[in-house]
Amino acid sequence: MSNQVLSKTADFNTSDLKLKGFKVYEVSNDVSAIPTYNRRDFYKICINTSKSFIHYADRGIETDGTILFFGNPHIPYSWEIISPAYNGYACVFTEEFLKANDRSESLHESPLFKIGGTPIFSLSAEQEVFVASLFKRMIEEQETDYVFKDDLIRNYINLIIHESMKMQPTENFFKHKNASSRITSLFLELLERQFPIETKNEPLALKTPQDYAQSLAVHVNHLNRSVKEITGKPTTAHITERIISEAKALLHHTDWSISDIGYSLGFEYPSYFNNYFKRLTGTIPKSLRT
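Sequential numbering from 237 applies to the sequence shown in this note's numbering.
So this is what it looks like as structure tokens:
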């Protein structure tokens, strides 16, 4: 019996993925792992046949057969394969790619991707054949030079989404026994997913315990109690330490201005960043510049 957590990125350049906006490919125990992305701007749709445990937010599900999974980049998840063999397909894409020229509701509000939704569907043999055929068509299409291939791939993705919305979602979720441990693990994973900061033009999305609690669909008091119980430190301490660590890295390893670094970390004004940094480190950001 195999027992493996599939967390490594599949073998392709993520910067190229961000440029194109999508990537589709086959996954199996003799091809590549099911893609689990740390980047917060990639959505995922996977069809997979195996015996697995999928941990999603503070819930989990045991699967044995073919399932269709919808991953929201704002909700941490992990996929643990139990069976010795697995196979399927995966599609990874940005919201900008899928919603090009489309002003309909955000993917965050989709029943398949929204917080509190059910992202896993069990497929019948007939549904498996149909959905797998759509993935195969996408794989073939992405290698062509057809000028409208992005539109065609968008159509395939939307067809999968609409077919899934007609299905009944899998309901045999189980709650993790140690709720405090699980929510703390999710918080720490989500915290780490905000980094490293890659652009000075997009400020940090999650800055407060309330922001993280909302993303994890729990009350902020429950998050704070859990984190303090498991780690011995308050939620704010973890957030602060990670922001300061990133600030030091940016000061040492980039040529960004101190104002730009502060903005990227969520500080609207340079004086706010300087005061925050000095209060926590005892020195000003400029002192780290050599």
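Beta carbons: idealized from backbone N, C-alpha and C, even for Gly. For clarity, every value in this text was computed on a predicted model and none was experimentally measured.
Is the beta carbon of residue i sitting closer than 8 Å to the one on residue j?
i, j, result
"V365", "G324", "no"
"T471", "L487", "no"
"T490", "T420", "no"
"L370", "L395", "yes"
"I318", "T302", "no"
"H455", "L424", "no"
"Y292", "P355", "yes"
"P506", "I494", "yes"
"I281", "F258", "no"
"T299", "I311", "no"
What are the boundary residues of the beta strand (DSSP E) that residue i is part of?
i, result
"H291", "F278 to Y292"
"K259", "F258 to S264"
"E316", "Y313 to I317"
DSSP state of residue i, grouped into three classes?
i, result
"Y322", "coil"
"S360", "coil"
"L395", "helix"
"G307", "strand"
"S493", "coil"
"V365", "helix"
"D381", "coil"
"V328", "strand"
"I297", "strand"
"T302", "strand"
"A483", "helix"
"R525", "coil"
Do you know offhand how far residue i's Cα is from residue j's?
i, j, result
"E331", "Y382", "22 Å"
"K469", "F384", "52 Å"
"L440", "Y499", "8 Å"
"L388", "K514", "53 Å"
"I497", "A483", "7 Å"
"A415", "F431", "25 Å"
"N391", "V328", "14 Å"
"F503", "K436", "12 Å"
"V267", "N511", "Any reading at V267 needs caution, since the residue's pLDDT is 47, under 50, leaving its predicted position unreliable; the model's value is listed next. Looking at the two C-alpha atoms, the distance is approximately 51 Å."
"L516", "I297", "41 Å"
"S451", "E379", "36 Å"
"L256", "E465", "For clarity, residue 256 is Lys in the given sequence; the question names Leu instead. Their Cα atoms are separated by approximately 43 Å."
"R525", "F509", "15 Å"
"W315", "N308", "14 Å"
"S360", "R373", "20 Å"
"M403", "E362", "13 Å"
"T444", "N265", "40 Å"
"L422", "N457", "15 Å"
"D386", "I397", "16 Å"
"E438", "S462", "30 Å"
Just checking my contact of residue i with residue j at CB under 8 Å: how many whole Å lie between their CB atoms?
i, j, result
"Y261", "A326", "6 Å"
"S357", "L304", "As written in the sequence, residue 357 is Phe, which differs from the Ser given in the question. About 4 Å separates the two Cβ atoms, so the contact holds."
"I393", "L501", "I393 to L501, Cβ: 34 Å. No contact."
"T285", "Y313", "Not confirmed; about 18 Å, so no contact."
Starting from residue i, trace the alpha helix (DSSP H) both ways and give me its first and last residue.
i, result
"I419", "A415 to R429"
"S451", "P445 to S451"
"I433", "No alpha helix (DSSP H) holds I433; DSSP gives it neither H nor E."
"E504", "E504 -> no alpha helix (DSSP H), and no H or E assigned at all."
Tell me whether residue i, by its Cβ, gets closer than 7 Å to a heavy atom of the ligand ADP.
i, result
"V367", "This structure lacks the ligand ADP; in fact it carries no ligand of any kind."
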